[in-house]
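A.B. asks:
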Amino acid sequence: MENPILHLNKIFESRIRLGVMSILMVNDAVNFNDLKQMLELTDGNLASHLSTLEESGYLKVHKGFIGRKTNTTYSITKAGEKAFKNHLLALENMIKSVK
Amino acid sequence: MTEEQSIQALHDIKRIMERSTRFLSLSGLSGVGAGITALAGAFVAQQRIDYYKGLGLRNQLDDNAVRWDQLRLELLILAGAILIIAFSIGFYFTWRKASREGASLWDNTSRKMAMNMVLSLGTGGLFILGSIYHQYDLTVGPACLVFYGLALINVSKYTVRDVRYLGLSEIALGLINLFFFDVVGYSLMFWALGFGVCHILYGGLMWWKYERAPAKV
Chain H
0 MENPILHLNK IFESRIRLGV MSILMVNDAV NFNDLKQMLE LTDGNLASHL STLEESGYLK
60 VHKGFIGRKT NTTYSITKAG EKAFKNHLLA LENMIKSVK
Chain W
0 MTEEQSIQAL HDIKRIMERS TRFLSLSGLS GVGAGITALA GAFVAQQRID YYKGLGLRNQ
60 LDDNAVRWDQ LRLELLILAG AILIIAFSIG FYFTWRKASR EGASLWDNTS RKMAMNMVLS
120 LGTGGLFILG SIYHQYDLTV GPACLVFYGL ALINVSKYTV RDVRYLGLSE IALGLINLFF
180 FDVVGYSLMF WALGFGVCHI LYGGLMWWKY ERAPAKV
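Heads up: the sequence lines are chains H and W, in that order. Under numbering that gives the first Met the number 0, the residue at position 60 of the first sequence is numbered 59, and the numbers go up by one with no gaps. Under numbering that gives the first Met the number 0, the residue at position 204 of the second sequence is numbered 203, and the numbers go up by one with no gaps.
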């Protein structure tokens with residue numbers, strides 16, 4: 000049998016990044032403040048995790064405006080969706096393999 | 000990564016997905032409060048109807064057109080007052096629950112829920128005002144129930160799932176009222192059942208399920 004840990008994605012080992020991906024899987028586009036609020040994080044902390052995810056090509060950043068205030072929204076990419084699903088499968092297999 | 004960590008991770012994912020799409024701070028007590036308000040309102044309405052009946056008012060074809068209009072106006076104002084009181088009470092208990100949980104009352108999920116609610120209820124409200132304007136009194140009660148039921152089903156995507164069943168009950172009552180008890184006199188009874196009894200039952204059930212014990216969110 001193949002090693003179940005093989006498909007676990009290193010990037011999702013952080014609970015915060017896993018949280019961001021979970022939110023973006025079920026919401027079309029979410030802005031920075033809503034993400035911060037849902038995950039109960041500080042600005043700097045969230046920003047660094049978001050850029051990691053962006054560099055991996057898992058999320059798209061869209062800079063827009065509401066009036067004169069900047070409104071940055073994030074959404075998941077196809078690659079991000081695929082990576083997340085694979086990670087879920089790997090977690091599932093991991094649990095199954097122990098039983 | 001151990002098995003336990005995997006289970007924990009899956010658990011986190013599920014919780015975050017739920018929390019980011021559903022407004023879960025909706026309190027069952029909001030439903031109970033709104034239900035009691037509706038029952039009290041229905042009682043007052045019945046008193047007023049009986050009072051006018053005592054004056055000899057029977058139906059709008061009587062020569063008592065002035066009194067009939069007076070009764071309709073009274074009931075309309077009463078309905079408006081019930082709506083405002085019920086919403087205020089509902090808002091209070093949900094606000095209380097949200098602040099206890101440290102959740103925000105105005106976030107992504109509650110915004111979506113409020114917007115969808117306003118859209119459906121606003122449409123229903125205008126439809127009902129139109130019916131009243133054209134003197135289609137028979138459809139007013141059932142329309143209240145059906146539109147409210149549809150509004151609940153619509154917002155149940157964004158909040159606690161039980162709301163969907165409350166919505167189905169409201170629609171069923173509205174349609175039964177319309178098809179089988181098509182006399183204006185029965186409308187108030189169905190209205191009290193739908194807005195009073197159903198709210199208290201489902202609100203109580205939600206409270207029992209989610210709030211009785213210290214919240215495990």
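We treat Cβ as the ideally placed atom computed from N, Cα and C, and that holds for glycine.
Return the residue from the list Thr1(W), Arg21(W), Ile6(W), Glu3(W) that minimises the CA-CA distance to Tyr157(W).
C.D. replies: Sequence index remark: in the second sequence, residue 157(W) carries index 158 (1-based). Looking at the Cα atoms, Arg21(W) is the closest of the given residues.
A.B. asks: Within this structure, are the beta carbons of Thr69(H) and Val29(H) separated by less than 8 Å?
C.D. replies: The residue you call residue 69(H) lines up with position 70 of the first sequence. The residue you call residue 29(H) lines up with position 30 of the first sequence. In this structure, Val29(H) does not lie closer than 8 Å to Thr69(H) by Cβ.
A.B. asks: Which residue marks the beginning of the beta strand (DSSP E) containing Asn104(H), and which one marks its end?
C.D. replies: Nothing about residue 104(H) can be reported from this structure: the residues present for chain H run from 0 to 98 only.
A.B. asks: Quick one: does Asp33(H) have its CB under 8 Å from some CB of chain W?
C.D. replies: Taking the first sequence and counting its residues from 1, the one referred to as residue 33(H) is at position 34. Yes, contact with chain W.
A.B. asks: Give me the chain W residues within the contact set of Ser21(H), using Cβ-Cβ distance strictly less than 7 Å, ordered along the chain.
C.D. replies: Stepping through the first sequence from its first residue, residue 21(H) is reached at position 22. What Ser21(H) touches in chain W: Ile12, Ile15, Met16.
A.B. asks: Using the rule of at least 16 other Cβ atoms within 10 Å of the residue's Cβ for burial, across every protein chain shown, is Ser50(H) buried or exposed?
C.D. replies: In the first sequence, residue 50(H) corresponds to position 51, counting from 1. Looking at its Cβ environment, which holds fewer than 16 other Cβ atoms inside 10 Å, Ser50(H) is exposed.
A.B. asks: Thinking Ile75(H) and Leu23(H) are a contact (beta carbons under 8 Å), I'd like their distance in whole angstroms, please.
C.D. replies: Here the question's residue 75(H) lines up with position 76 in the first sequence. Here the question's residue 23(H) lines up with position 24 in the first sequence. Between Leu23(H) and Ile75(H) the Cβ distance is about 4 Å, and since that is below 8 Å, they are a contact.
A.B. asks: Which residue's Cα is closest to the Cα of Ala191(W): Ser26(W), Leu9(W), Thr36(W), Ser29(W)?
C.D. replies: Here the question's residue 191(W) lines up with position 192 in the second sequence. If we check each option's Cα against that of Ala191(W), Thr36(W) comes out closest.
A.B. asks: With DSSP as the reference, identify every bridge partner of His61(H), one or two as the case may be.
C.D. replies: Looking up residue 61(H) in the first sequence gives position 62. Per DSSP, Thr72(H).
A.B. asks: Return no unless some Cβ of chain H is closer than 8 Å to the Cβ of Leu38(W).
C.D. replies: Translated into the one-based positions of the second sequence, residue 38(W) becomes position 39. It does not; no Cβ of chain H falls within 8 Å.
A.B. asks: Which stretch, first to last residue, makes up the alpha helix (DSSP H) that contains Thr93(W)?
C.D. replies: By one-based count along the second sequence, residue 93(W) stands at place 94. Its alpha helix (DSSP H) spans residues 64-100.
A.B. asks: Quick one, which of Glu169(W), Cys143(W), Asn153(W) has its alpha-carbon nearest Lys111(W)'s?
C.D. replies: Here residue 111(W) is taken as the residue at index 112 of the second sequence, counted from 1. Ranking Glu169(W), Cys143(W), Asn153(W) by Cα distance to Lys111(W) puts Asn153(W) first.
A.B. asks: For Asn30(H), which beta-bridge partners are listed by DSSP?
C.D. replies: Sequence index remark: in the first sequence, residue 30(H) carries index 31 (1-based). In the DSSP output, where bridge partners are listed per residue, Asn30(H) has Thr72(H).
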